[in-house]
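Report on the following structure.
There are 2 protein chains.
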Amino acid sequence: MSMKPSNVLVLGSGMVGSAMAVDLAADPRFDVTVADRSEAVLARVAQRAASTGRLRTVRADCSDVREVGRLAGAADLVLGALPSVFGLQTLRAVIEARRPYVDISFMADDPLALDGLARERGVCAVVDCGVAPGMSNMFCGYAVSRLSPCTHLEIYVGGLPVERRWPYEYKAPFAPHDVLEEYTRPARLVEGGKIVVKEALSEPEYLHFPGIGTLEAFNTDGLRSLMFTLKVPSMKEKTMRYPGHIALMRVLRETGLFSKEPVEVRAADGDGAVRVRPLDVTAAMLFPKWTFEPGEADVTVMRVAAEGTLDGRRVRMAWDLFDRHDPVTDTRSMSRTTGFPATIVARLLHEKRFTTPGVHPPETLGAVPGLLDAVLAELGRRGVTYAASTQPLPAAAG
Amino acid sequence: MSMKPSNVLVLGSGMVGSAMAVDLAADPRFDVTVADRSEAVLARVAQRAASTGRLRTVRADCSDVREVGRLAGAADLVLGALPSVFGLQTLRAVIEARRPYVDISFMADDPLALDGLARERGVCAVVDCGVAPGMSNMFCGYAVSRLSPCTHLEIYVGGLPVERRWPYEYKAPFAPHDVLEEYTRPARLVEGGKIVVKEALSEPEYLHFPGIGTLEAFNTDGLRSLMFTLKVPSMKEKTMRYPGHIALMRVLRETGLFSKEPVEVRAADGDGAVRVRPLDVTAAMLFPKWTFEPGEADVTVMRVAAEGTLDGRRVRMAWDLFDRHDPVTDTRSMSRTTGFPATIVARLLHEKRFTTPGVHPPETLGAVPGLLDAVLAELGRRGVTYAASTQPLPAAAG
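So the sequences go chain by chain: A and B. Counting in my numbering, the first sequence runs from 506 upward without gaps. Counting in my numbering, the second sequence runs from 506 upward without gaps.
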């Protein structure tokens, strides 16, 4: 049975967007269009998918919602991989164009605010569909659907360079401004059924991962939709770095170098004074050092665990990811682990295995029987392997 | 025998200048004039010396050399405690006014460049006349005059807050820009009779001082005139902080936050871009945190040691200073240990105990029999006590 390929639009051809486009172009069911404002990145993605003959590029200003609406209207299915600041407006434009949508933009705004609009328009959109948020949400949704009750959820995640370079031993696998935001935005956790706010970078824990060593985990504001969609009395999300990173970031933060409050300093040229945000200067100094070299290897480490009662017994379910940069295609691990969940979920939408109108976080899909297994099987085919385990726990005290 | 008091001019009424003025006003031999551009600091110093009736203040712009020349011409003796950038021009103005001069401005320029001019004018000027440079130079000059040969000189010095506050555990007892300069300017040492250049903050050593604990010493460019005036084959100067400071300063330096190379960032107000020096922004963030609170206690720790042959035996001569903030007069230790050597040497000049025309570093005075003992006796009277010791050393190998 041969059918005319469907038109898939990928908005944004950055690190993750291009990995998504290449993955989709390898699928004979799709003709892929990648839109980006940069000729250079479009040329690169076109070359990477050249052998498939199923990828075309279009130069477009994706910050312009009318442009996004036009492009989406010409597609059967849309994936979003734009910077987080464009996340919400792009979601709205694709909903208005009435196209199924999968997004990994990690927008600061609440995408669920557009749930009503998506229902009205009969559109199925899945947001936060990367690794964390993304797979982490799916595991949590799955766990809550299986455990009764689920009493605890925890997520540990980090994207790291393989080579550790003094002093930060870190490179940013996504937009660096979003990284610094993780170090300042108060972290919301759930304790005793209530949302509690803790300082970012607080409550360090040290976890050992064979193959990468001991990592340092700290509170970040990463639960996002899980805080509101799941009724679990204890939930936390922590980011991981090589040990020592917390101390340095706390020093920079304490010094005021992450501050957005303008300070006045003399201008470098001329005698006048100028007002700048210390964060902008710090970012200008840090980001060149936090950029991966071409071909530089990275890893993604994630551990999601859920505790609760399964068939009358207390258990701990866990999923462990340890993924490496792909040296053959020079695809960064963070691009693989973030991009593939989105392309796989896009296929599920295309195959009508999930069609519910609305804006959905991935935990909703995780709770649908069969969907998580389908996603994990497809990830495994791409070399992204989660080790799942279920261990008995001692019965809860009291 | 009662004489008309001599007129002493103190240029600058900052932390050290005001301590100098108060010390001089307590001496019935002097009528003291303090010049500063700030009414507020002049009011403070006037109040502190009010009981003596021998101190008057004059509001003046000491960055204007004609103003300095006028004021110096009306005085019998001049002391300089201005910011380092005005050091050289002020020295020249006082020499041109033909007045004896003692300065602690720590100028970046080489003051000995004006030695010829001072000889021509018949003026005796002593520069770098604080604690280090200052007393450290005097000890070195003394040691070289006593040991034959002197084979090694070392200076360890630090001015520190008593209360250690995370993360830097440091406050700047003098102009903070000059402190950051210590962390970037390559350090010149003497090894094997040659000047060698090492990175600032390099070669950490840990020295324990009873009463303050273990301190961390690192190379700084502090030998200054000693490199050229003394023929000693091994000389080093190190600055001391509480342990951990080096690591943080190296991180800030490595990150580029001490850089004077302009970077472009968006303006805090409006849409434009502006160019600023990262160092200026870092300084704007650090200095408010590095400022002593009113009444906050500090300490000055110094150890100067000389090795060589005395009466045919290898010895190590050392001078140890451990000085504390004076809570009665709320005079900071760094102001006492820096200001009093200058006021005491000014008295020596006034008493004609040292009159040689020229611009002299303090090591020259240290080599003059009796002068160091006179300075130490006067310092002791003010509670600034150096513990001197001479220990035998094993004979040099080879």
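Note that CB positions come from ideal geometry on N, CA and C, so glycine has one too.
Count the other C-beta atoms from every protein chain shown that fall within 10 angstroms of the C-beta of P452/B, then say buried if there are 16 or more, exposed otherwise.
Only positions 506 to 903 of chain B appear in the structure, and residue 452/B is not among them; the question remains open.
Alpha-carbon to alpha-carbon, L731/A and K699/A:
In the first sequence, residue 699/A corresponds to position 194, counting from 1. In the first sequence, residue 731/A corresponds to position 226, counting from 1. Roughly 13 Å between the two C-alpha positions.
Please return the same chain residues whose Cβ sits closer than 8 Å to the Cβ of R771/B, not counting the five positions on each side in sequence.
To locate residue 771/B, count along the second sequence from 1; it is residue 266. Only G777, A778, V779 meet the Cβ criterion.
Any contact between the stretch 512 to 525 of chain A and the stretch 584 to 591 of chain A? By contact I mean 3 or more CB pairs, one from each, below 8 Å.
yes
Compare the beta carbon distance of A823/B and P783/A with 9 Å and say whether it is the shorter of the two.
Here residue 823/B corresponds to residue number 318 of the second sequence, with the count starting at 1. Here residue 783/A corresponds to residue number 278 of the first sequence, with the count starting at 1. Taking 9 Å as the Cβ cut-off, A823/B and P783/A do not qualify as a contacting pair.
Does DSSP classify K509/B as helix, strand or coil?
For this step, residue 509/B is matched to residue 4 along the second sequence. Here K509/B sits in coil by DSSP.
Are the C-beta of K794/B and some C-beta of chain E separated by less than 9 Å?
Annotation note: the requested chain E is absent from the structure, which comprises protein chains A and B.
Separation of L593/B from G863/B, as counted between CA atoms:
Here residue 863/B refers to the residue found at position 358 when the second sequence is read from its first residue. Here residue 593/B refers to the residue found at position 88 when the second sequence is read from its first residue. For G863/B and L593/B, the distance between alpha carbons rounds to 14 Å.
Determine the extent of the alpha helix (DSSP H) in which L652/B is found, giving its start and end residues.
Position 147 of the second sequence, counted from the first residue, corresponds to residue 652/B. Neither: L652/B is in no alpha helix (DSSP H) and is coded neither H nor E.
Give me the DSSP bridge partner(s) of N724/B.
Residue 724/B sits at position 219 when you count from the first residue of the second sequence. N724/B is bridged to K743/B.
Cβ contact (3+ pairs, closer than 8 Å) linking the stretch 640 to 657 of chain B and the stretch 866 to 883 of chain B:
yes
Go ahead and label P867/B buried or exposed: buried means 16 or more other beta carbons lie within 10 angstroms of its beta carbon, across all protein chains shown.
Reading the second sequence from its first residue, position 362 is the one you call residue 867/B. Per the 10 Å Cβ criterion, buried.
Is it true that the CB of V806/B sits closer than 9 Å to the CB of G635/B?
Here residue 635/B refers to the residue found at position 130 of the second sequence. Here residue 806/B refers to the residue found at position 301 of the second sequence. Not closer than 9 Å, so no.
Mind checking which residues open and close the beta strand (DSSP E) that includes V806/B?
Here residue 806/B corresponds to residue number 301 of the second sequence, with the count starting at 1. 803 to 815 is the extent of the beta strand (DSSP E) around V806/B.
Enumerate, from N- to C-terminal direction, the unbroken alpha helix (DSSP H) stretches of 4 or more residues contained entirely within the stretch 843 to 902 of chain A.
867 to 871, 876 to 886
Report the neighbours of E759/B on chain A: residues whose CB is nearer than 7 Å to its CB, in chain order.
For the purposes of this step, residue 759/B is taken as the residue at position 254 of the second sequence. The answer, in chain order, is P672.
In whole angstroms, give me the CA-to-CA distance for V889/B and R575/B.
By one-based count along the second sequence, residue 889/B stands at place 384. By one-based count along the second sequence, residue 575/B stands at place 70. Cα to Cα, V889/B sits roughly 34 Å from R575/B.
Can you find a CB in chain A that lies within less than 9 Å of the CB of A798/B?
Along the second sequence, read from residue 1 onward, the residue named residue 798/B stands at position 293. It is Glu, not Ala, that sits at residue 798/B in the sequence shown. Chain A contact via Cβ: absent.
Would A705/A pass as an interface residue toward chain B - the criterion being a Cβ-Cβ separation below 9 Å?
Reading the first sequence from its first residue, position 200 is the one you call residue 705/A. Judged by the 9 Å Cβ criterion, A705/A is not in contact with chain B.
Taking Cβ to Cβ, would you say I849/B is nearer than 9 Å to L884/B?
Stepping through the second sequence from its first residue, residue 849/B is reached at position 344. Stepping through the second sequence from its first residue, residue 884/B is reached at position 379. Cβ distance < 9 Å, so I849/B and L884/B count as in contact.
Determine, using beta-carbon pairs with one atom in the stretch 682 to 702 of chain B and one in the stretch 838 to 855 of chain B, whether at least three such pairs fall under 8 Å.
no
Quick one: list the residues of chain A neighbouring R780/B, beta-carbon separation under 7 Å, in chain order.
On the second sequence, residue 780/B is found 275 positions in, with the first residue counted as 1. Simply A772, A773, D774.
Under 9 Å by beta carbon: chain A residues contacting A789/B:
Sequence index remark: in the second sequence, residue 789/B carries index 284 (1-based). Result: G761, V768, E769, V770, P783.
Starting from I609/A, trace the beta strand (DSSP E) both ways and give me its first and last residue.
Walking along the first sequence from the start, residue 609/A turns up at place 104. Neither: I609/A is in no beta strand (DSSP E) and is coded neither H nor E.
List, from N- to C-terminal side, the alpha helix (DSSP H) runs of 4 residues or more that fit wholly inside the stretch 752 to 808 of chain B.
783 to 794
Within 10 angstroms of the Cβ of M508/A, are there 16 or more other Cβ atoms? Answer buried if so, exposed if not.
Within the first sequence, residue 508/A is the residue found at index 3, counting from 1. Exposed, because fewer than 16 other Cβ atoms sit within 10 Å of the Cβ of M508/A.
Tell me, please, whether the stretch 533 to 545 of chain A touches the stretch 615 to 622 of chain A by the rule of three or more beta-carbon pairs shorter than 8 Å.
no
So that I know if they touch, is there some Cβ in chain B lying closer than 9 Å to that of L753/A?
Here residue 753/A is taken as the residue at index 248 of the first sequence, counted from 1. It does; some Cβ of chain B falls within 9 Å.
Take every Cβ of the stretch 760 to 775 of chain A, pair it with every Cβ of the stretch 618 to 632 of chain A, and state whether three or more of those distances are shorter than 8 Å.
no
Check this for me: beta carbons of V667/B and A580/B, under 9 Å apart or not?
The count along the second sequence starts at 1 and reaches residue 667/B at position 162. The count along the second sequence starts at 1 and reaches residue 580/B at position 75. No. Outside cutoff.
Contact residues within the stretch 635 to 656 of chain B, judged by C-beta distance below 7 Å to chain A
none
Bridge partners for P666/B per DSSP, in chain order?
Working through the second sequence from its first residue, we reach residue 666/B at position 161. According to DSSP, which records beta bridges pairwise, P666/B is partnered with D803/B.
Beta-carbon neighbours of V786/A, restricted to chain B and to distances below 7 Å:
Translated into the one-based positions of the first sequence, residue 786/A becomes position 281. In chain order: V768, V770, V781, P783, V786.
For V539/B, which beta-bridge partners are listed by DSSP?
Mapped onto the second sequence, residue 539/B falls at position 34. DSSP output for V539/B lists V515/B, T562/B as bridge partner(s).
V864/B versus chain A: which residues are under 9 Å apart at the beta carbon?
On the second sequence, position 359 is the one that residue 864/B refers to. Result: empty, since nearest Cβ-Cβ is about 32 Å, beyond 9 Å.
Is any beta-carbon of chain A found at less than 9 Å from that of F527/B?
Within the second sequence, the letter at position 22 stands for residue 527/B. The sequence given here has Val at residue 527/B, not Phe. No, its Cβ sits nowhere closer than 9 Å to a Cβ of chain A.
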